[in-house]
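Chains as they are written, first to last, in the numbering used here: chain A, 309 to 775; chain B, 25 to 419.
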């Protein structure tokens with residue numbers, strides 16, 4: 309799934325939640341037990357649990373096609389190009405929705421109703437997807453993924469807004485980190501469990517086939533129903549807290565103005581290009597990686613799914629640690645450079661050798677986490693604060709556009725020219741990313757590659773100048 | 025899907041551009057042979073023709089003999105003279121009583137000979153979907169009892185179809201292609217062949233299976249005078265361009281004293297296709313058993329060509345089974361095709377295509393060149409800066 313979680317960490321520091329300011333103003337009128345008191349930590353921890361599971365269902369179901377690749381291809385009689393359409397259709401609505409998500413939550417629906425609506429889209433989308441498999445209509449499965457996509461990314465915006473609303477300051481970083489880890493946990497669990505679920509259903513039904521696939525996907529939709537329940541519970545808690553503490557409904561705080569696009573600097577466009585070229589070599593690869601590992605390295609389907617999920621498993625603990633390191637040392641371009649080179653090595657290992665793919669995939673997991681921690685903050689260094697919302701929205705949008713187009717191209721390449729050409733194509737994309745990450749140090753090298761100490765000093769000077 | 029269509033067109037365009045430069049890159053084997061084809065037809069009711077293709081090189085000749093009398097057989101004889109010929113005593117050949125009715129003249133020029141006999145088609149009931157091929161065998165089809173049609177010749181390919189003696193639809197066909205130079209057939213698995221090899225494609229079309237869960241196995245026998253094909257090597261390679269998702273090639277080789285010299289080979293990729301227009305989604309893996317010694321006499325009895333050429337043949341048998349656990353059964357498409365190369369000398373080795381080399385050079389080379397160039401440029405600029413003595417401000 310596109311890396312929305314990482315950028316949430318960065319907006320969090322700027323927006324201290326309304327709960328923080330209002331705590332003294334409207335305290336509870338009568339004494340409550342700690343767990344029922346919305347301003348007390350214990351209650352907020354309970355709310356945090358529901359907040360984390362809010363996104364679990366959508367991350368679980370996003371990678372269902374990857375986890376069941378051989379079954380989907382065989383039961384629905386597809387080639388790889390058609391299979392990758394399932395990922396492309398998820399990304400298409402998000403090309404537009406990345407701009408609209410914040411707007412819909414702030415102006416149209418409000419956070420509570422917005423979250424419930426987006427959870428409903430996720431749930432209904434997955435049910436349509438499963439129904440399409442059950443009825444043996446591939447077009448219905450694609451429609452289901454489209455509806456699922458409408459809800460998926462916007463739900464992440466809502467999840468972040470809730471977090472900002474309920475937590476503040478240093479807590480917020482921890483909360484974002486937890487939400488990210490839960491998301492990765494959802495992806496990992498999906499990769500490793502869905503195959504087993506399918507086999508059990510096949511035994512119960514008697515044979516494999518599109519009916520078995522439909523039933524397995526319906527079972528996966530259960531996680532989406534669970535997330536919908538979390539959304540309803542969160543809405544209840546939020547309404548109650550609003551009543552007790554007399555605060556406003558949370559807002560995303562993002563301002564999206566499309567006219568700001570003309571003000572974007574060259575270095576920002578270079579960051580966008582680095583982002584696109586990098587991520588199209590990660591997500592579409594994982595999306596159809598299972599068959600690659602089975603065919604080239606003679607893995608069993610269960611082993612292939614496990615090695616495919618290692619990127620997510622590593623990313624869950626590595627992201628907070630690497631984020632801490634990058635925050636402490638600065639020099640973002642250097643870290644981006646290191647991450648891109650490491651990814652290039654990983655893809656070259658997978659392409660040109662028969663070495664154990666666990667090595668390459670672990671390297672891929674670490675470098676993917678490193679790049680996320682180093683690249684997304686760079687946007688805030690080159691863009692003034694009032695344009696941050698638009699910049700991030702645009703970055704998400706371009707990323708989804710790249711993923712949608714490249715997902716289809718990946719499928720076509722595998723069908724007509726095989727996996728070596730595909731890996732060489734990924735290497736070429738990463739090399740482009742490398743090229744642009746070197747180019748970016750020409751106009752903005754000093755700015756983006758400052759050490760953390762130098763940056764802190766500069767900020768202090770700027771704030772003393774302003775006074 | 026217009027988006028997929030555009031993607032497909034783009035990739036095909038890039039492939040075409042690079043493929044057109046392919047001739048510049050194949051430096052490898054430019055050895056060429058002249059081919060002459062002769063067919064010995066058989067007007068007797070028992071059918072069975074003999075095809076002789078003579079491939080003449082600079083100072084050697086390869087004789088390809090393909091016969092449908094009895095079990096279909098391909099015999100390759102390698103001689104060290106460019107004027108060797110094949111002499112057939114046709115009545116004795118048809119009588120199948122004595123050996124020596126087919127000889128290569130002059131006898132002393134024969135360097136090596138190898139033959140492949142398609143002896144049986146086995147069918148087993150895979151009810152538990154394990155593809156173990158150990159039990160539940162139906163009575164095997166003996167290919168020597170099949171009724172073979174006339175050979176259909178075109179260019180340098182010969183197609184032969186046969187159906188079981190029981191009346192009914194369905195046939196097993198073999199197509200032999202002999203090549204005069206190195207190249208690659210356009211249909212998957214797109215095996216690379218040299219001038220020293222021929223390609224045999226075997227396909228099963230419409231033969232009614234005897235159960236809904238049956239899978240097939242093909243039994244091959246390799247016959248040679250002194251050194252028949254004895255062991256199967258599996259070689260892995262990283263390039264699956266020509267056969268997407270297949271990273272191995274299997275070689276049934278004859279190497280005397282387990283040395284590294286290969287005298288003759290049968291080469292194939294462990295994949296079979298379930299439709300006549302093969303593509304990645306129709307591929308099904310195939311596996312082979314270990315070659316085992318067979319009785320040379322029974323092979324002679326089943327194939328007229330073996331009887332005619334070899335006086336004391338040594339035979340090794342091997343089974344190729346199609347499909348593994350989880351793959352669709354034969355009755356999903358009622359079609360199975362498998363391709364192999366049979367040849368003498370060293371087997372052809374695949375290499376990267378110009379497309380891959382081009383993308384690698386461009387994709388890796390350009391950034392490296394730019395990085396080095398940029399680094400040099402920055403270094404020179406910095407040096408120039410520091411060498412300019414400017415006025416220092418006073419404070």
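Virtual Cβ for every residue (Gly too), placed ideally from N, Cα, C. No experiment lies behind these values; they were computed from the predicted model shown.
message: Assuming residue 309/B is part of the beta strand (DSSP E), what are its boundary residues?
response: Judged by DSSP secondary structure, residue 309/B falls within the beta strand (DSSP E) whose first and last residues are 307-312.
- request: Per DSSP, which residues does residue 136/B bridge with? Please list them.
  value: Bridge partners of residue 136/B: 102/B.
field: C-beta neighbour in chain B for residue 653/A, strict 9 Å
entry: Taking a beta-carbon distance threshold of 9 Å, residue 653/A does not count as an interface residue toward chain B.
query: Does the beta-carbon of residue 514/A have 16 or more other beta-carbons within 10 angstroms, so that it is buried, or is it exposed?
result: Per the 10 Å Cβ criterion, exposed.
- prompt: What in chain B is Cβ-close to residue 668/A, meaning under 8 Å?
  reply: Result: empty, since nearest Cβ-Cβ is about 13 Å, beyond 8 Å.
Where the beta strand (DSSP E) containing residue 520/A begins and where it ends: Counting along the chain, no beta strand (DSSP E) covers residue 520/A; the unbroken alpha helix (DSSP H) around it starts and ends at 518-553.
- request: Name, in chain order, the residues that DSSP records as bridge partners for residue 259/B.
  value: Its beta-bridge partners are 273/B.
message: Once the 5 residues before and after residue 168/B are set aside, which same chain residues still bring their CB inside 6 Å of it?
response: Scanning its chain for C-beta atoms nearer than 6 Å, with the 5 sequence neighbours on each side dropped, one finds around residue 168/B the residues 94, 95, 326, in chain order.
message: If you measure between the beta carbons of residue 388/A and residue 598/A, is that distance less than 9 Å?
response: Judged by their CB atoms, residue 388/A and residue 598/A are not nearer to each other than the 9 Å cut-off.
field: Cβ of residue 49/B within 9 Å of any chain A Cβ
entry: Its pLDDT being 44, under 50, residue 49/B is placed unreliably by the model, and the measurement read from it follows with that caveat. Cβ-Cβ to chain A under 9 Å: no for residue 49/B.
- prompt: Would residue 679/A count as contacting chain B if we go by Cβ distances under 9 Å?
  reply: No, residue 679/A lies away from the interface with chain B (no Cβ there is under 9 Å from its Cβ).
message: Please identify the residue among 364/A, 504/A, 475/A, 561/A whose C-alpha is closest to the C-alpha of residue 464/A.
response: Checking every option, the nearest Cα to that of residue 464/A belongs to 364/A.
Neighbour flag for residue 725/A against chain B, beta carbons, 9 Å: Cβ-Cβ to chain B under 9 Å: yes for residue 725/A.
field: Enclosing beta strand (DSSP E) for residue 731/A [first to last residue]
entry: Not the beta strand (DSSP E): residue 731/A falls in the alpha helix (DSSP H), residues 696-747.
task: List the residues of chain B whose Cβ lies closer than 8 Å to the Cβ of residue 739/A, in chain order.
output: Counting only Cβ-Cβ distances below 8 Å, residue 739/A has contacts in chain B at 387, 388, 390, 391, in chain order.
message: Which same chain residues end up closer than 7 Å to residue 689/A when comparing Cβ atoms and leaving out the 5 residues on each side of it in sequence?
response: Taken in chain order, the residues that qualify are 755, 756.
field: As assigned by DSSP and simplified to three states, the class of residue 459/A
entry: In the structure shown, residue 459/A adopts helical secondary structure according to DSSP, grouped into three states.
Limits of the unbroken alpha helix (DSSP H) element including residue 384/A: It is not in any alpha helix (DSSP H) - residue 384/A carries neither H nor E in the DSSP assignment.
- prompt: Can a CB atom of chain A be found closer than 9 Å to the CB of residue 379/B?
  reply: Yes, its Cβ sits closer than 9 Å to a Cβ of chain A.
message: Any heavy atom of the ligand NAD closer than 8 Å to the beta-carbon of residue 459/A?
response: Only the bare structure without any ligand can be found here, which leaves the ligand NAD out of the picture.
Outcome for residue 47/B when other beta-carbon atoms lying within 10 angstroms are tallied against a minimum of 16: Bear in mind that a pLDDT of 44 at residue 47/B, under 50, signals an unreliable position, so the number given afterwards is only what the model happens to contain. With fewer than 16 other Cβ atoms from the protein chains shown falling within 10 Å of its own Cβ, residue 47/B counts as exposed.
field: CB contact flag (residue 673/A, residue 623/A, <9 Å)
entry: Yes, they are a contact pair.
- prompt: Where in the stretch 315-341 of chain B do unbroken runs of the alpha helix (DSSP H), each at least 4 residues long, occur, reported from the N-terminal end onward?
  reply: Correct list: 320-326, 328-333.
message: Give the list of continuous beta strand (DSSP E) stretches no shorter than 3 residues that lie fully inside the stretch 631-686 of chain A.
response: List check, beta strand (DSSP E) in window: nothing returned.
task: Measuring alpha carbon to alpha carbon, tell me which of 239/B, 85/B, 398/B, 196/B ends up nearest residue 227/B.
output: Of the candidates 239/B, 85/B, 398/B, 196/B, the one whose C-alpha sits nearest the C-alpha of residue 227/B is 196/B.
task: Helix, strand or coil for residue 326/A, going by three-state DSSP, please let me know.
output: Confidence at residue 326/A is low in this model, with a pLDDT of 41, below 50, so the placement of that residue is unreliable and no value is reported for it.
field: Cβ-based neighbour list, residue 345/B, same chain, cut-off 6 Å, excluding 5 preceding and 5 following
entry: Cβ neighbours of residue 345/B within its own chain (closer than 6 Å, five residues either side excluded): 157, 241, 311.
query: So which residues of chain A does residue 188/B contact, with C-beta pairs closer than 8 Å?
result: Near residue 188/B there are no residues of chain A at all, since even the closest Cβ is about 30 Å away, more than 8 Å.
- request: Grab me the residues of residue 164/B's own chain with a C-beta within less than 6 Å of its C-beta, minus the 5 sequence neighbours each way, in chain order.
  value: The answer, listed in chain order, is 144, 146.
For residue 765/A and residue 476/A, the rounded distance between their alpha carbons: Going from the Cα of residue 476/A to the Cα of residue 765/A covers about 24 Å.
task: Please confirm if residue 45/B has its CB atom under 9 Å from at least one CB of chain A.
output: For residue 45/B, the pLDDT reaches just 48, beneath the cut-off of 50, and the residue's location in the model is therefore unreliable, although a value from the coordinates is still provided. No - not a single Cβ of chain A is within 9 Å of the one on residue 45/B.
field: From 365/B, 407/B, 352/B, residue whose alpha carbon lies closest to that of residue 379/A
entry: Ranking 365/B, 407/B, 352/B by CA distance to the CA of residue 379/A puts 352/B first.
query: Where do the ends of the alpha helix (DSSP H) carrying residue 93/B lie?
result: Premise fails: residue 93/B is in no alpha helix (DSSP H) and is neither H nor E.
query: Does residue 260/B come within less than 9 Å of chain A when only Cβ atoms are used?
result: True, the Cβ-Cβ gap to chain A drops below 9 Å.
message: DSSP three-state label for residue 301/B, please.
response: It is coil, neither helix nor strand.
query: Do residue 630/A and residue 678/A have their CB atoms nearer than 9 Å?
result: Yes; because the gap between Cβ atoms is below 9 Å, this pair is in contact.
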